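Taking my numbering, the leading residue of the sequence shown gets 97, the next gets one more, and so forth. Don't be surprised by glycine CBs; every beta carbon is placed ideally from N, CA and C. If you're wondering where the values come from, they're calculated on a predicted model, not measured in any experiment.
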Amino acid sequence: ELSESLALPPQITASANPKSSTGRIDVFVRLVADSGGGRRVAFDEVPPGYEGPLYAEISPRTFSILAREGSSLNQLRLKAGAPRLSDAELKALHAREPLIDGPADIDGGIGLSVDLKPAQGPVGWRARRHAALIDVDRPGALDADDFFEAIDAPRSGFIILDPDEFYILASREALAVPPGFAAEMTPINPGLGEFRVHYAGFFDP
């Protein structure tokens with residue numbers, strides 16, 4: 097059970113996501129709201145007018161973690177109405193204030209792609225197995241090289257991702273979220289494949 101509870105007004109809903117610092121160490125966190133009263137409540141969603149406790153399902157996938165009372169692993173975003181922009185509204189916004197550096201592939205959102213030809217540095221990192229314990233309340237206390245190995249740019253133009261491994265890869269596009277807006281990355285797109293592309297999808301203005 098989380099330390100925080102909610103008492104939402106009737107017109108306000110909420111959605112949750114792991115914090116970026118949580119997603120980067122391959123810890124999957126889902127918010128659970130009490131489904132009392134016979135209503136169905138999805139993971140990471142809180143219905144309008146909800147009043148009650150909150151719970152978290154925490155699943156470390158690669159590293160062992162140390163968490164304690166007060167540790168912050170996920171975050172909540174409050175919403176009123178239907179804030180999602182249509183494709184037409186996204187295109188108009190991108191024309192006024194470029195959301196990415198280059199042409200935008202807009203189809204139910206903005207498509208992003210993996211960068212396998214960076215100007216410098218590795219294309220990404222793969223998590224090391226059997227690494228040390230991570231204290232989630234001590235950011236920056238450990239050497240990242242003890243937990244991740246760099247993946248160099250491939251000469252072939254592609255990389256092979258092994259099952260049950262955790263990778264951090266950079267996008268080719270740089271994203272800019274204008275003031276007054278917020279963004280969220282889709283975790284699973286069945287049109288691309290049956291896999292989760294992230295554990296922390298909130299972008300702030």
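*Mind checking which residues open and close the alpha helix (DSSP H) that includes T118?*
116-119
_First through last residue of the alpha helix (DSSP H) which encompasses R192_ = 183-192
*In the DSSP assignment, what are the bridge partners of T158?*
Partner(s): none; T158 has no beta bridge.
*asked:* For A272, tell me which candidate among P250, Y146, S99, P301 has the shortest Cα-Cα distance.
replied: P301
*Answer yes or no: the CB of L186 versus the heavy atoms of the ligand FAD, is any distance below 7 Å?*
Absent from the structure shown: the ligand FAD. Ligands present: none.
_Neighbour-count burial assignment, G119, 16 or more Cβ in a 10 Å radius_ = buried
*From the DSSP output, read off the bridge partner residues of K175.*
Answer is T109.
_Check whether F262 and R157 have beta carbons under 8 Å apart_ = Yes, they are a contact pair.
*Spatial distance of L150 from S167 (CA atoms)*: 15 Å
*asked:* My output table needs one value for D242: the three-state DSSP class, helix, strand or coil.
replied: In the three-state DSSP reduction, D242 falls in the helix class (H, G or I).
*For P245, collect the residues of the same chain with a Cβ closer than 7 Å to its Cβ; drop the 5 residues on either side in sequence, then sort them by chain order.*
Checking the sequence, you will find Glu at residue 245 rather than Pro. W221, R222, R224.
_Cα-Cα separation, N170 to D197_ = 29 Å
_Residue environment, T282, which counts as buried when at least 16 other CB atoms sit within 10 Å_ = Exposed is the call here.
*Through-space distance from P105 to A129, alpha-carbon basis*: 16 Å
_At the level of alpha carbons, what is the spacing between H190 and P199?_
9 Å
*Compute the Euclidean distance between the alpha carbons of P274 and L186, then round it to the nearest angstrom.*
Going from the Cα of P274 to the Cα of L186 covers about 12 Å.
*asked:* What does DSSP give as the partner residue(s) for V210 in the beta ladder?
replied: S267
*Give a yes or no on whether the C-beta atoms belonging to A110 and R164 are separated by under 8 Å.*
no
*Just to confirm, are V232 and L162 a CB contact at a threshold of 8 Å?*
yes
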